[in-house]
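Working notes, beginning with the structure itself.
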Amino acid sequence: MHGRVKVRTSEEQQLLKQKEQQKKLIAYRLGMKQILQSRKPDSYDPECLGICAQLLIINPDIYTLWNYRKEVVLLEIKTSNKDEDGEEKLCTFLENELKLTEQCLLANPKSYSSWHHRYWVLVHHPKANWKKEFDLCTKYLSMDDRNFHCWDYRRLILNKVGISLEDEIKFSTDRININFSNYSSWHYRSTILNQENLHDELKLVQNALFTDPADSSAWFYLRWVLSHSNVLKEDKEELLGSLEQLLELEPNCKWIVIAKCWLMKNIYENTDNSIQNQVNCYTRLKELDKMREGYYLDCQKTVVDDSETKE
Amino acid sequence: MDYELPSEFDLIVVGTGMIESIVAAAASRIGKRVLHIDSNNYYGGLWASFNLDSISNILNSASNIETNLEVKQFLTENEKIYQFGNDAFHMHTHSQIWHIPEKANEQTETEQSDLPTECIQKEEESWTQEKLLKNSRKFNIDIAPKLHFARGDFVELLISSNIARYSEFRSVSRVLTWLNGQLEVVPCSRSDVFSSTKVSVIEKRMLMKLLTSCVDGDEKEFVGYENKTFRTYLKDRKLTDNLIHYVLYAIAMATDTTPCLEGVENTKRFLSSLGRFGKTPFLYSMYGSGEITQAFCRLSAVFGGVYALSQPLNGLIFNNENKFKSLLCGQQRISAEHLVMGIEKLPKEFVNFTATQFISRAVFVIDRSIMASEKENLTLLLFPPEDGKNPCTMIEVGPLTGTCPKDTYIVHMFTKQTTNPEEDFKHCVERLFGNSKNESETGEKENLLPNVLWSFYYTVPNTVNLDLKNGIPKNIFVCPGPDLDLDYDPAIAQAKAIFNEIYPDLEFLPRAPDPEEIIIEGEDNNNIVTEGENLTDQPIDEATEAVADLQIETSNDHGEGSSGIEQGEAE
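Protein sequences appear in the order of chains A and B.
Oh and the first sequence: position 229 is 229 in UniProt numbering, straight run, nothing missing.
Oh and the second sequence: position 205 is 205 in UniProt numbering, straight run, nothing missing.
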């Protein structure tokens, strides 16, 4: 044992942790009791508001406390209307609220209540700085682009700042270039896309499909793009051709076969040839994806039934 | 010398190169008494980093050996003494040249007054030796630059041993190659392949498929390729010429003759390090690769290793059985069981091997990046082999790495030597760098080639594959110098081998505790450990008892159930 520095064992560390948790629990119970007892419709106790902030930093998911804070904010707005330099005071107060949500989001970046409170405060802010908020989102998403809360938040703010949709598309493209296996990223794109020009969009999604055909996110985005009536027929036909090539390289990838069905139905409606092709595809899918055999069987039946009723 | 070192150690390490430093750290870490000593006044030996001022002096640095000293007086009967150092394994400078005027030329200054302001500004920006040397201390020029695979042996060792605390890294931001007469970014990760505009969608699939099969492919994939080249394999996989270039010369860092399985291994090494830190598989040490040796020295010192640089090393003393006994430092005899030393420090009498392979190296200080872009990049450029020239590896570092001042970049080149460094890199230098004449003649601001401000060509013997045991006394271990590997993998393997030979059953660099894990006096009931010497001499029984007390006490708060078990274990 020479030369070994004495270190805490994991058991010791665990005991220390347990002790700390006990302390926290007692503090939490006391704090909650005090806040709830002081809750009144026409005034509030600043000390309790302070305790409330401390509790939220530890656990930002207690929505009762956020509601308490919203009541306090509304009280502050009421008093500020009576005062001459009330607006200035209100701004300082609201800035503190924003800082609190920042701290809470650091503790738990996926806290619904914190994101919501932040937006709610900004909406009630007489001098809300939406641009700064927007830049914060950009910074946040470059650090973690898998947080759909932030994507949603960005979309809310987009309406408040004068950002052109083109710039926003460029941002979306940059994010997708960095990582295209991201449903949030593709979904955001679908909400801001100029649906006039879907040619380039098909090209982009094709890059993803060819880079990694097993990644489902791009296939779902493809389905969304194809759902638009203004996708040109020749673009669709070209895509179908590429998919055939891709299938030669990856004969066991179910997504390619599924996408072929979407396309054939979309392009050729119900010509006999197309129906036969679709039926074949579903037969292949039943082999490739045993778990969803029943679903494909049903799809196959629908294709055949539809064609018969039309005749 | 106005101070004395202790005169007894378990291990003496002479020279502060990479392998020596790792061994020193590993030995201190398991409680051995280590003296790490160097005649140089800097850390790192052949692996060091220098500022611009001192790099020109590295080879003429005056040795500390007291030549007039009558060494015989320190010997007992039957002992022999050998002088340190040999000429065979040092680096050899070919040229160190300034490509800019010493001072701002006064004539041009008078001319300036007639020129439009724009030109004057440009003239102000231009570099002089004086101006560059004023920034000398902002340079950290590696003489053995390295990159680190994000999941390579080196990074894993840093993490597992907790040495990562002593070092900072920046991730390499792009990997380039020379293709069809220009620099091209190598699409190496999934997102690069996706966003690359240089390859078609079909190529994207082919490339991704190949890369996946190199990583996940079972043995069947490569049956029949045992005696074929990697190039043949890529051809058979129907890759286009551009894709073959990317995979063969950049990702696998191979040549046309590299065997298939070696190519696959290299590809795996590259790909498995993707997606851990940053966009490429590589990291670079902030403030230069020389920092790394010092991180290991630091760990050694934390665990009691004694450090002494600039020491007058006057010789190695052996008994009549040719066993190493002591080292003569100044006029002091210092003894140890074992001695580890860098190859360049080895006494001439023991040099029983010669280097057959050499590494050509060059460093350039340039005024802009080899491939300009919006943000500063940290670049690895893999220059493919051509016309009998070996492939060249280049690393370009900028001011953000803390190795050069603003508005300059450093380019390091290294390759297996065929003739001499100037010849070996001539074709690269011609294509990558320009000279200021081009600028004024063409007058184009776009696509300017960088100008070389300062250049340094040198040769280092590649000693990694030599039999360094041949004729060496049993308790001496010789560490080879820098090798051609991009990372420290061979160095770590060497250090580990030496450590295991000296201390066969002991753990190599176990994790060092974080400060918060160390129990300091006064904290926690009776667990008393004082800093310093007592740290290692803590009576074990007392400490175990204290832990047991604590456990019984606290477990009673939470119910009876578990206390018995815990108590039993503790006792």
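Where a beta carbon is used, it is the ideal one built from N, C-alpha and C, also for glycine.
Limits of the unbroken beta strand (DSSP E) element including residue i
i                      : result
residue 206 of chain B : Per DSSP, residue 206 of chain B belongs to no beta strand (DSSP E); it is in the alpha helix (DSSP H), 201-216.
residue 314 of chain B : 313-318
residue 170 of chain B : 169-171
residue 416 of chain B : 409-416
residue 573 of chain B : Any answer about residue 573 of chain B is impossible in this case: the structure gives chain B only from 1 up to 571.
residue 342 of chain B : 332-342
residue 83 of chain B  : Neither: residue 83 of chain B is in no beta strand (DSSP E) and is coded neither H nor E.
residue 253 of chain A : No beta strand (DSSP E) contains residue 253 of chain A, which DSSP labels as neither H nor E.
residue 96 of chain B  : 92-98
residue 396 of chain B : 392-397
residue 56 of chain B  : No beta strand (DSSP E) contains residue 56 of chain B, which DSSP labels as neither H nor E.
residue 47 of chain B  : First-last for residue 47 of chain B: undefined, no H or E at that position.
residue 458 of chain B : 452-462
Local Cβ density within 10 Å of residue i, reported as buried at 16 or more and exposed below that
i                      : result
residue 295 of chain A : exposed
residue 195 of chain A : exposed
residue 162 of chain A : exposed
residue 8 of chain B   : exposed
residue 199 of chain A : exposed
residue 36 of chain A  : exposed
residue 123 of chain A : exposed
residue 289 of chain B : buried
residue 278 of chain A : buried
residue 308 of chain A : exposed
residue 305 of chain A : exposed
residue 208 of chain A : buried
residue 18 of chain B  : buried
residue 394 of chain B : buried
residue 488 of chain B : buried
residue 275 of chain A : buried
residue 115 of chain B : With a pLDDT of 46 at residue 115 of chain B, under the threshold of 50, the modelled position of that residue is not reliable, and the figure given next carries that caveat. Answer is exposed; the Cβ neighbour count stays below 16.
residue 3 of chain B   : exposed
residue 45 of chain B  : buried
Residue from the options whose Cα sits closest to the Cα of residue i
i                      : options                    : result
residue 20 of chain B  : B/154, B/296, B/202        : B/296
residue 238 of chain A : A/124, A/9, A/206, A/179   : A/206
residue 455 of chain B : B/410, B/483, B/488        : B/410
residue 145 of chain A : A/293, A/181, A/241, A/260 : A/181
residue 139 of chain A : A/151, A/128, A/129        : A/151
residue 424 of chain B : B/168, B/317, B/457, B/252 : B/457
residue 258 of chain A : A/191, A/232, A/268, A/286 : A/286
residue 52 of chain B  : B/13, B/73, B/88, B/141    : B/141
residue 199 of chain B : B/239, B/231, B/152        : B/239
residue 357 of chain B : B/494, B/282, B/462        : B/462
residue 48 of chain B  : B/91, B/35, B/76, B/13     : B/91
residue 52 of chain A  : A/290, A/12, A/105, A/28   : A/28
residue 350 of chain B : B/426, B/476, B/172, B/261 : B/476
Alpha carbon of residue i to alpha carbon of residue j, nearest angstrom
i                      : j                      : result
residue 255 of chain B : residue 391 of chain B : 7 Å
residue 11 of chain B  : residue 314 of chain B : 18 Å
residue 128 of chain B : residue 144 of chain B : 26 Å
residue 227 of chain A : residue 191 of chain B : 26 Å
residue 20 of chain A  : residue 14 of chain A  : 10 Å
residue 338 of chain B : residue 324 of chain B : 7 Å
residue 66 of chain A  : residue 111 of chain A : 12 Å
residue 470 of chain B : residue 464 of chain B : 14 Å
residue 243 of chain B : residue 175 of chain B : 15 Å
residue 255 of chain A : residue 205 of chain B : 15 Å
residue 212 of chain B : residue 385 of chain B : 26 Å
residue 201 of chain A : residue 159 of chain B : 43 Å
residue 26 of chain A  : residue 54 of chain A  : 14 Å
Unbroken alpha helix (DSSP H) run spanning residue i, endpoints
i                      : result
residue 374 of chain A : This structure gives no information on residue 374 of chain A, because the portion of chain A shown stretches from 1 to 311.
residue 135 of chain A : 130-143
residue 186 of chain A : 183-192
Where residue i meets chain D, residues with beta-carbon distance less than 9 Å
i                      : result
residue 180 of chain A : The structure shown contains no chain D; its protein chains are A and B.
The ligand GDP heavy atom lying under 7 Å from the CB of residue i
i                      : result
residue 280 of chain A : By its list of ligands, the structure shown contains no ligand whatsoever, and the ligand GDP lies outside what it can speak to.
Runs of 4 residues minimum, wholly inside the stretch 159-195 of chain B: which ones carry the alpha helix (DSSP H) assignment? 190-195
For the stretch 9-88 of chain A, list the alpha helix (DSSP H) runs that are entirely contained and at least 4 residues long, ordered along the chain. 10-38, 46-58, 63-82
If you scan the stretch 268-331 of chain B from start to end, which runs of the alpha helix (DSSP H) of 4 or more residues do you find wholly inside it? 290-302
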